[in-house]
RNA sequence: GUGGGUGUAGCUCAGGUGGUUAGAGCGUUGGAUUGUGGCUCCAAAGGCCGAGGGUUCGAAUCCCUCCACCCACCCCA
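See below:
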């Protein structure tokens, strides 16, 4: 069972028929992006390590202990991307996109890599799809991005989700709030859990989100950042909520929502499921108004989200929506006797050239076995070529659903197949 | 990274206190008169019992170490 190789820890193979679900998910997303007018961007799987350490932030878990970093043969430090946004922003800056009143709207589908302990819904190589809208400072684009995310899950049928929404302030107000928070927590810091004592240094906002009951009690009366926003952040926050109302996106304000990447400013959001275990965050995103400048571009605001493909599929499965689209109707070409070999191959070739899905037997098996496998592939029709048929320049056409079989002239075979498939397609639709 | 659980055919699982040729269902393949599927019946193939060590006359079963997966924490997608 395992004297050979196994997929590395935290990675997995996507085999048929599961791969058909991935295709469906991606095609729904691509179609949605086309309607929202986002265009695809593809960036390298690895980048200069400093792009991530600076962009995501040195104190974050991702940079601190989860990156796949290596030195290439030229002595460069490179890192397999642990998330998608930094690369997109780097590409945006490198290509000198943007300009006054210019909005760039991208979507991507990619793998990301984080060295974490694997568990359900958490992998070392995982897959995301996401969008980035770079250039507009106003709340309407925030609402559009969140709305796109909501539409994606609605169309996929992932079941009930909770949309958590928060604002985490900007360079004007967040540092002041953080200092105030530290000041208020310091006196009783030793009563908090060890994790919180660590968070006190790295990311004190996260203490408010601690699940240890005692920590919750201790921080219960601490005012949330919503009460400490600067006027500009308040205006943005109010505008965002009005915009979300206008496009019918429901949400719940969650003052404890903090994201794990340093580049976020103002808007932060997460889509959560209660059906897929402890890794319950299906997607997350927010505004990153300082990131473009940090990557060497002119100061430019941006916002985006990233959605986990594996987790979306898990939620779809729980919701009973993980059904692959039916495979296209196909034709099975069977043959009886050695003399028919070339004739059968030729017939299959013509079917495929005509755009019809066709398969055949590859083991020189008897006719019974061929029809059995025709049945198991779900073929609707079988074309049977044998000595008898060839003698009169014909083929046998068998309807595998009704069992009816007729002999048709070879020259008409394609047309007959075409019309039968068309008729059945029409019947299926009703 | 921390704590706990699991690991027997492709899949889902049986295999009291160690004892000869390790089982079932599903799936796969073949057969049930010469060239005809689905249903049924019959049969076969397929496992170094996750890997490697150890204890023992003897290990799927006991011990150790790895590996992988699962659950929770942590973190996040």
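Numbering (this note's numbering), first residue to last: 322 to 751.
Every residue gets a Cβ at the ideal spot worked out from N, C-alpha and C, and that includes glycine.
Worksheet item: Just how far apart, CA to CA, sit residue 390 and residue 445?
Response: As a first step, residue 390 is located in the first chain; it is residue number 69 there, counting from the start. As a first step, residue 445 is located in the first chain; it is residue number 124 there, counting from the start. Going by the C-alpha atoms only, they are around 13 Å apart.
Practice prompt. Figure out for me which residue from 512, 643, 700 has the closest Cα to the Cα of residue 340.
Written response: For this step, residue 340 is matched to residue 19 along the first chain. Minimum Cα distance to residue 340 is reached at 643.
Worksheet item: From 649, 467, 472, 665, pick the residue whose C-alpha is nearest to that of residue 608; which is it?
Response: Position 287 of the first chain, counting from 1, holds the residue named residue 608. Looking at the Cα atoms, 467 is the closest of the given residues.
Worksheet entry | Rounded separation between residue 586 and residue 650 - CA only | For the purposes of this step, residue 586 is taken as the residue at position 265 of the first chain. For the purposes of this step, residue 650 is taken as the residue at position 329 of the first chain. Straight-line Cα distance between these residues: approximately 50 Å.
Fill in: Collapsed DSSP secondary structure at residue 363 in the structure displayed
Residue mapping note: residue 363 aligns to position 42 of the first chain, counting from 1. Coil at residue 363, not helix or strand.
Worksheet item: Counting Cβ pairs, one atom from each stretch, are 3 or more of them under 8 Å apart for the region 653-663 and the region 705-725?
Response: yes
Worksheet item: What is the C-beta distance between residue 719 and residue 734, in whole angstroms, given that I count them as a contact (C-beta under 8 Å)?
Response: Against the first chain, residue 719 aligns to sequence position 398. Against the first chain, residue 734 aligns to sequence position 413. Rounded, the Cβ-Cβ distance is 12 Å, inconsistent with contact.
Item to complete: For the region 508-570, list the alpha helix (DSSP H) runs that are entirely contained and at least 4 residues long, ordered along the chain.
Response: 515-523, 534-539, 552-567
Discussion item. Excluding the 5 residues flanking residue 691 on each side, which residues of the same chain have their C-beta closer than 6 Å to its C-beta?
Written reply: Mapped onto the first chain, residue 691 falls at position 370. Within the same chain, residue 691 has close Cβ partners 655, 682.
Worksheet item: In chain order, what residues of the same chain lie with their CB nearer than 6 Å to the CB of residue 765, ignoring the 5 residues before and after it?
Response: With the chain running from 322 to 751 in the structure shown, residue 765 is simply not present.
Worksheet item: Sorted by chain position, which residues of the same chain lie with C-beta nearer than 8 Å to residue 410's C-beta, five sequence neighbours on each side aside?
Response: Locating residue 410 in the first chain gives position 89, counting from the first residue. Cβ within range, chain order: 376, 453, 455, 609, 612, 613, 616, 618, 623.
Worksheet item: Hey, how far is the Cα of residue 463 from the Cα of residue 588?
Response: Locating residue 463 in the first chain gives position 142, counting from the first residue. Locating residue 588 in the first chain gives position 267, counting from the first residue. Taking the straight line joining both Cα atoms gives about 7 Å.
Worksheet item: What separation, rounded to the nearest whole angstrom, lies between the Cα atoms of residue 441 and residue 671?
Response: Within the first chain, the letter at position 120 stands for residue 441. Within the first chain, the letter at position 350 stands for residue 671. Residue 441 and residue 671: Cα-Cα distance of roughly 46 Å.
Item to complete: State the CB to CB distance for the pair residue 603 and residue 633, rounded to an integer number of angstroms; the pair is presumed to be in contact (CB under 8 Å).
Response: Indexing the first chain from 1 puts residue 603 at position 282. Indexing the first chain from 1 puts residue 633 at position 312. Sure, about 6 Å apart at Cβ, within 8 Å.
Practice prompt. For residue 727, I'd like the list of residues in its chain whose CB is within less than 6 Å of its CB, leaving aside the five on either flank, ordered along the chain.
Written response: Working through the first chain from its first residue, we reach residue 727 at position 406. Only 718 meet the Cβ criterion.
Practice prompt. Classify residue 665 as buried or exposed, calling it buried when 16 or more other Cβ atoms lie within 10 Å of its own Cβ.
Written response: Walking along the first chain from the start, residue 665 turns up at place 344. By the 10 Å Cβ count, residue 665 comes out buried.
Item to complete: Determine the burial state of residue 532: buried for a count of at least 16 other Cβ atoms within 10 Å of its Cβ, exposed for fewer.
Response: Looking up residue 532 in the first chain gives position 211. It counts as exposed.
Worksheet item: Counting along the chain, where does the beta strand (DSSP E) carrying residue 706 start and finish?
Response: Mapped onto the first chain, residue 706 falls at position 385. Looking at the DSSP string, the run of the beta strand (DSSP E) that includes residue 706 is 702-707.
Fill in: Contact the region 356-376 vs the region 421-434: 3+ CB pairs below 8 Å
yes
Worksheet entry | Test item: CB-CB of residue 581 and residue 406 under 9 Å | The residue given as residue 581 occupies position 260 in the first chain. The residue given as residue 406 occupies position 85 in the first chain. Not closer than 9 Å, so no.
Item to complete: Compute every distance between the C-beta of residue 435 and the non-hydrogen atoms of the ligand PLP, then say whether any falls below 8 Å.
Response: No copy of the ligand PLP occurs in the structure displayed, which carries no ligand at all.
Discussion item. What residue range does the beta strand (DSSP E) around residue 455 cover?
Written reply: Locating residue 455 in the first chain gives position 134, where the first residue counts as 1. Residues 446-455.
Worksheet item: Which residues mark the beginning and the end of the beta strand (DSSP E) in which residue 653 is found?
Response: For the purposes of this step, residue 653 is identified with residue 332 of the first chain, where counting begins at 1. That run of the beta strand (DSSP E) goes 651-657.
Discussion item. Quick test of your reading: residue 370 and residue 399, contact by CB under 8 Å. State the CB separation rounded to the nearest angstrom.
Written reply: Working through the first chain from its first residue, we reach residue 370 at position 49. Working through the first chain from its first residue, we reach residue 399 at position 78. Residue 370 to residue 399, Cβ: 6 Å. Contact.
Worksheet item: In its own chain, which residues sit with a C-beta less than 6 Å from the C-beta of residue 620, not counting the 5 before and 5 after it?
Response: Along the first chain, one-based indexing puts residue 620 at 299. Once the five neighbours on either side are set aside, the close Cβ partners of residue 620 are 614.
Practice prompt. Count the other C-beta atoms from every protein chain shown that fall within 10 angstroms of the C-beta of residue 636, then say buried if there are 16 or more, exposed otherwise.
Written response: Against the first chain, residue 636 aligns to sequence position 315. It is buried - the Cβ of residue 636 has at least 16 other Cβ atoms within 10 Å.
Worksheet item: Is there contact between the region 472-480 and the region 517-526, where contact requires at least three CB pairs shorter than 8 Å?
Response: no
Worksheet item: On the three-pair Cβ rule with 8 Å, is the region 476-495 touching the region 506-521?
Response: no
Discussion item. Suppose the cutoff is 8 Å on Cβ atoms and the five residues either side in sequence are ignored; what does the same chain contact list for residue 560 look like?
Written reply: Translated into positions along the first chain, residue 560 becomes position 239. If we look at residue 560 and ignore the five residues flanking it on each side, its Cβ neighbours are 459, 460, 461.
Worksheet entry | Contacting residues, own chain, Cβ-Cβ under 7 Å from residue 330 (five flanking each side not counted) | By 1-based counting over the first chain, the position of residue 330 is 9. 439, 445.
Item to complete: Work out the CA separation of residue 570 and residue 577 for me, nearest whole Å.
Response: In the first chain, counting from the first residue as 1, residue 577 sits at position 256. In the first chain, counting from the first residue as 1, residue 570 sits at position 249. So the two alpha carbons sit approximately 20 Å from each other.
Fill in: Own chain partners of residue 518 with C-beta closer than 8 Å, once the 5 adjacent residues on each side are dropped
Taking the first residue of the first chain as position 1, residue 518 is located at position 197. Around residue 518: 510, 511.
Fill in: Residues that residue 726 bridges to, as DSSP identifies them
On the first chain, residue 726 is found 405 positions in, with the first residue counted as 1. DSSP output for residue 726 lists 719 as bridge partner(s).
Practice prompt. Identify the continuous beta strand (DSSP E) that holds residue 356 and give its terminal residues.
Written response: Residue 356 sits at position 35 when you count from the first residue of the first chain. It is not in any beta strand (DSSP E) - residue 356 instead sits in the alpha helix (DSSP H) that spans 339-357.
Worksheet entry | Segment contact flag, the region 337-352 with the region 544-557, C-beta cutoff 8 Å, min 3 pairs | no
Worksheet item: Residue range of the beta strand (DSSP E) that residue 587 falls in?
Response: As a position in the first chain, residue 587 is number 266, starting the count at 1. First-last of the beta strand (DSSP E) with residue 587: 586-594.
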